[in-house]
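Colleague:
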Amino acid sequence: MTHKTRLLFIGTLFCFLFTLSVVHADEWGTIIIPPDKPIKIGLGAMLTGDYASMGIDIKNGAEMAVQEKGTILGHRVILQAEDDGCAGPSSVAIAEKLCNDPLVVGLVGYMCSGGSKPASDIHNKYKVVMISPSSTALELTARGIPIFFRTCWNDKIQARRAAGFALSRNWKNVAVLHDKSDYGQSLAEDFAKHIRNKGGKILALEGITRGDKDFSPVLTKIKPLRPQLIYFGGMAAEGALIARQMKRVGIKAHFMSDDGCYTKKDFIQAGGKATTGCYVTYAKEPDPAWVKRFEARYGPRQTFSPQAYDAANILMMAVEKVAKRQADGSLVIGKKALRDAVSKTEYEGITGKIAFDPNGDRTGSVVVIYEVVQEKGERFFKPMQF
Amino acid sequence: MGHLFDPIIIIDQIINGLTIGGIYALIALGYTLVYGILFMINFAHGEIYMFGSFGGYAALTYFVNTGFAEKHVVISVIAAFVVAMIISSALGALLERIAYRPLRHAPRLAPLISAIGASIFLQNVMMLIIKARMQVYPDVIPESFIEIGKISISYFQIFIILSSVLLMVGLYLFIQKSKIGKAMRAVAENKEAAALMGIDVNRIILITFVIGSALAAAAGVMVGMYYTQINHMMGFIPGIKAFTAAVLGGIGNVAGAMLGGYFLGIVEALGVLVMPAEYKDVIAFSLLVLVLVFRPTGILGEVVSERI
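In order, the protein sequence lines correspond to chains A and B.
Count along the first sequence from 1, then add 24; that gives the number in this note's numbering.
Count along the second sequence from 1, then add 98; that gives the number in this note's numbering.
1) A:P330: which of A:E120, A:I102, A:S156 and A:I118 sits nearest, CA to CA?
2) So, helix, strand or coil for A:Y333, using DSSP?
3) From the DSSP secondary-structure annotation, give me the bridge partner or partners of A:Y371.
4) With a 10 Å radius around its C-beta and 16 neighbouring C-beta atoms as the bar for buried, classify A:I171 as buried or exposed.
5) Residues in the same chain with beta-carbon distance under 6 Å from A:K345, minus the five sequence neighbours each way, listed in chain order, please.
6) Does B:F243 have its Cβ less than 8 Å from a Cβ in chain A?
7) So, is A:S192 buried or exposed, given that buried needs 16 or more other C-beta atoms within 10 angstroms?
8) So with Cβ pairs under 8 Å, would you call B:N114 a contact of chain A?
9) For A:E10, I'd like the list of residues in its chain whose CB is within less than 6 Å of its CB, leaving aside the five on either flank, ordered along the chain.
10) If I'm right that A:K348 touches A:L355 with Cβ under 8 Å, what's the distance once you round it to whole angstroms?
11) 8 Å is my cut-off, CB to CB: does A:P310 come that close to chain B?
12) Hey, does B:E376 have any beta-carbon neighbour from chain A nearer than 8 Å?
13) Across which residues does DSSP place B:F141 in a beta bridge pair?
14) Evaluate the contact criterion for the region 313 to 322 of chain B versus the region 165 to 183 of chain B: three or more CB pairs, one atom per stretch, below 8 Å.
15) For B:E145 and chain A, any beta-carbon pair shorter than 8 Å?
16) Just to confirm, is the Cβ distance from A:D206 to A:K149 under 8 Å?
17) Can you give me the Cβ contacts of B:V402 inside the same chain, cut-off strictly under 7 Å, excluding the 5 residues immediately before and after it?
18) Going by DSSP in three states, B:N163 sits in which element: helix, strand or coil?
19) When you compare only the Cα positions, how much space is there between A:F189 and A:I254?
20) What distance in whole Å lies between the Cβ atoms of B:L131 and B:Y360, which are believed to be in contact at a cut-off of 8 Å?
21) Let me make sure I understand the geometry here. Which of A:R403, A:T160 and A:R321 has the alpha-carbon closest to that of A:G257?
22) Can you tell me whether A:D107 is helix, strand or coil according to DSSP?
23) Show which residues of chain B have a CB atom less than 8 Å away from the CB atom of A:D74.
24) Starting from the N-terminal side, write out each stretch of the alpha helix (DSSP H) that is 4 residues or longer and does not extend beyond the region 220 to 279 of chain A.
25) Do B:E241 and B:S252 count as a contact pair if the criterion is CB distance below 8 Å?
26) Any residues in the region 118 to 134 of chain B with a beta carbon nearer than 7 Å to a beta carbon of chain A? Which ones, in chain order?
27) Indicate the three-state DSSP secondary structure (helix, strand or coil) for A:R174 in the structure shown.
28) So with CB distances below 9 Å, who are the chain A contacts of B:Q39?
29) Using 8 Å as the cut-off, can you tell me whether the region 346 to 354 of chain B makes contact with the region 129 to 143 of chain B, which would need three or more C-beta pairs spanning the two stretches below that distance?
30) To the nearest angstrom, how far is it from the Cα of A:G73 to the Cα of B:Q221?
31) Taking DSSP as the reference, what is the three-state secondary structure of A:L201?
32) Along chain A, which residues have their Cβ under 8 Å away from the Cβ of B:A367?
33) Counting only runs that start and end within the region 185 to 254 of chain B, where is the beta strand (DSSP E) found for 3 or more residues in a row?
34) Please check if any C-beta of chain E sits within less than 8 Å of the C-beta of A:T327.
35) Between the region 331 to 349 of chain B and the region 262 to 274 of chain B, do three or more beta carbon pairs fall short of 8 Å?
36) Select from the region 264 to 292 of chain A all residues with a C-beta closer than 8 Å to any C-beta belonging to chain B, and list them in chain order.
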């Protein structure tokens, strides 16, 4: 081989290797974690404000998973929690910030459906995977966004279960309230649809404003309609006040709400005795051994910490699966590969078996009806047989 | 729709309206007193109300935790009011001294901006103190209500309506009959002339802030006890609603602020009967716009509201 042909040979070899590496590069691009840099898991939840105990609970769940994991392929994993205020504008700002952070591999969140919806468009632009532990609104998985997943349920199931329970108790005259959010309103309307379809009657369908504290005018308006049940689609701060104030204006109906009200601190304790006998819907109780571990560390669990724990673990497992360790110690993670790994999850989590359907919804989720009961001087959520 | 005009429901709604209206009126008095004397809107007034509410919360929680509240309910509640009023009055006086007095002769936009700055500052101070989480007033008074025929009134509502009326009557008498009240009216009419007559204008202004703040604190404790949930942003919406009430009645006019507060509360409650409930705030702010367009001096207006 002459000098010239050898050069040519090496040249073609380089070209060949280069094209090979292009073929193997991810079509959505790659995340490169340099050596000695940590892997960041983002988190968006309300950490200050009226629903902060729910958001802090989510943060604690994810933090526990991240700290238990410690490292992935020699890189430390850290959680970067941001306060999304449970609303669109701040979630979008956080999405822009985290998606442009070169060390963020994915995100647990956002907490509220109203935040997840606009933020998922930003995440889709940058193809950064997100797993929400708590955004249950119908439309989130109906918009063909490939990077959105959730470890909670779809409100389709929640509304159907709640309506089925109401009808099984023969509560056919129902007044429905909601907080005008993406979450509360779509849930309440879906609930009303199920009741109507099964021969029940919707006496009123009214919106209230988040952050308001006085609901006596709307409850006084509903009172003469004599509902058997008041259903509320929304969060615990308002739910607890409605449960309290409906007794005050003299409504003798039952009260039922959703997972937004499944929190001991903001619903049972904040609502006082008026919440005894109220019904809420939520998932099956998580693994009791995990709950014990969690509560030893953070105090009483509120709502979505188990779902956040599972979401963080799924994300970290997917990273571990697709990350390629380079000779210099850096990690290369294909964004499409990461998304595909998450979507193919088969995982026995603390909230049960987790797998996703093509839309990003969790398959086989179960919604349970809970009643607030008082036993031995303690008030808590007790699962109902239904 | 027939049931909506059932007189029972209308009476129930009027009672709801009087309850929240009394609270609006108490806060509105603070706006109106300050405007009457200084011709400025104290936009930090909602935060003074919020601090009062937290003062009452701290006192009541302390009494409940030490077991004192169980034995002496009435004393605990009165003490909570006193603590709240002291905290808010001190804050009001401090605000006047630090944020407004140095700007007394500045262009009139300056104190307004200073007030908005103070408002944001105070919200954030409370946010740092309470870690930005909602706080819940302890249940001290057992919730019970009386039913007269088909109308049900809770003792709380009676308590709020009566005590707000009592406070306002007290204030009215104070302004009309007492020596300080007379001085306040004199300062409102003409500061220079009042000073020439030997009235310490700065002292009267300080007293005005203290009185307005104490009334807001009372409203804050009532709201805490009745609606139970308080947070660091709680002063914002009631602050604007009370401002609306003050403008409605004619800002600067004490009787007007009371009337405006009750009027706004009742209109909100009755409006819900004919409109979807989500328009409750829309009703209040549409009223504000309408009054500003068609009768800027308010219902009883006497001070021309061109000042701001």
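In this text, a Cβ means the ideal position worked out from N, Cα and C, and glycines have one as well.
Modeller: In this structure, then:
1) As a position in the first sequence, residue 330 of chain A is number 306, starting the count at 1. The closest CA to that of A:P330, considering only A:E120, A:I102, A:S156 and A:I118, is found on A:S156.
2) Walking along the first sequence from the start, residue 333 of chain A turns up at place 309. In the structure shown, A:Y333 sits in a helix (DSSP, three-state: H, G or I).
3) By 1-based counting over the first sequence, the position of residue 371 of chain A is 347. Paired residues: A:I378.
4) Indexing the first sequence from 1 puts residue 171 of chain A at position 147. Around the beta carbon of A:I171, 16 or more other beta carbons lie within 10 angstroms, which makes this residue buried.
5) Position 321 of the first sequence, counted from the start, is the residue given in the question as residue 345 of chain A. A365.
6) Residue 243 of chain B sits at position 145 when you count from the first residue of the second sequence. With 8 Å as the cut-off, B:F243 counts as an interface residue toward chain A.
7) Position 168 of the first sequence holds residue 192 of chain A. A:S192 is exposed by the Cβ-count criterion.
8) Here residue 114 of chain B corresponds to residue number 16 of the second sequence, with the count starting at 1. Yes, B:N114 counts as interfacial toward chain A.
9) Past the edges of chain A, shown from 25 to 410, lies residue 10 of chain A, and the structure says nothing about it.
10) Reading the first sequence from its first residue, position 324 is the one you call residue 348 of chain A. Reading the first sequence from its first residue, position 331 is the one you call residue 355 of chain A. Confirmed, about 7 Å.
11) Numbered from 1 along the first sequence, position 286 holds the residue referred to as residue 310 of chain A. Proximity of A:P310 to chain B, defined by a Cβ-Cβ separation below 8 Å, is not satisfied.
12) The count along the second sequence starts at 1 and reaches residue 376 of chain B at position 278. Closer than 8 Å: yes.
13) Along the second sequence, read from residue 1 onward, the residue named residue 141 of chain B stands at position 43. Residue pairing by DSSP leaves B:F141 without any beta bridge partner.
14) With the cut-off at 8 Å, the region 313 to 322 of chain B and the region 165 to 183 of chain B touch.
15) Your numbering for residue 145 of chain B matches position 47 in the second sequence. For B:E145, the answer is no, since every Cβ of chain A falls outside 8 Å of its Cβ.
16) As a position in the first sequence, residue 206 of chain A is number 182, starting the count at 1. As a position in the first sequence, residue 149 of chain A is number 125, starting the count at 1. Remark: C-beta atoms of A:D206 and A:K149 do not approach each other more closely than 8 Å.
17) Taking the second sequence and counting its residues from 1, one reaches residue 402 of chain B at position 304. A caution first: B:V402 carries a pLDDT of 44, below 50, which makes its placement in the model unreliable, though a value can still be read off. Here the set comprises T395.
18) Mapped onto the second sequence, residue 163 of chain B falls at position 65. DSSP places B:N163 in helix when its eight states are reduced to three.
19) The residue you call residue 189 of chain A lines up with position 165 of the first sequence. The residue you call residue 254 of chain A lines up with position 230 of the first sequence. When rounded, the distance between both Cα atoms is 13 Å.
20) Looking up residue 360 of chain B in the second sequence gives position 262. Looking up residue 131 of chain B in the second sequence gives position 33. The Cβ separation is near 18 Å, so there is no contact.
21) Position 233 of the first sequence, counting from 1, holds the residue named residue 257 of chain A. Nearest C-alpha to A:G257: A:T160.
22) Working through the first sequence from its first residue, we reach residue 107 of chain A at position 83. In the structure shown, A:D107 sits in a strand (DSSP, three-state: E or B).
23) Mapped onto the first sequence, residue 74 of chain A falls at position 50. Proximity of chain B to A:D74 at the Cβ level (cut-off 8 Å) is accounted for by M232, Q327 and N329, in chain order.
24) Runs found: 240 to 246 and 260 to 272.
25) Along the second sequence, read from residue 1 onward, the residue named residue 252 of chain B stands at position 154. Along the second sequence, read from residue 1 onward, the residue named residue 241 of chain B stands at position 143. A contact, by the Cβ cut-off of 8 Å.
26) I118
27) In the first sequence, the residue the question calls residue 174 of chain A occupies position 150. Residue state, collapsed to three classes: strand.
28) This structure cannot settle anything about residue 39 of chain B, because the visible part of chain B is limited to 99 through 406.
29) Touching, yes.
30) Taking the first residue of the first sequence as position 1, residue 73 of chain A is located at position 49. Taking the first residue of the second sequence as position 1, residue 221 of chain B is located at position 123. Rounded to the nearest angstrom, the two C-alpha atoms are 12 Å apart.
31) Numbered from its first residue, the first sequence carries residue 201 of chain A at position 177. Strand.
32) Your numbering for residue 367 of chain B matches position 269 in the second sequence. Within 8 Å Cβ-Cβ: S240, P241 and T244.
33) With a minimum length of 3 residues, the continuous beta strand (DSSP E) runs that stay inside the region 185 to 254 of chain B are 243 to 246 and 249 to 252.
34) Among the protein chains in the structure shown, which are A and B, there is no chain E.
35) no
36) A264, L265, R268, K271, R272, V273, G274 and D290
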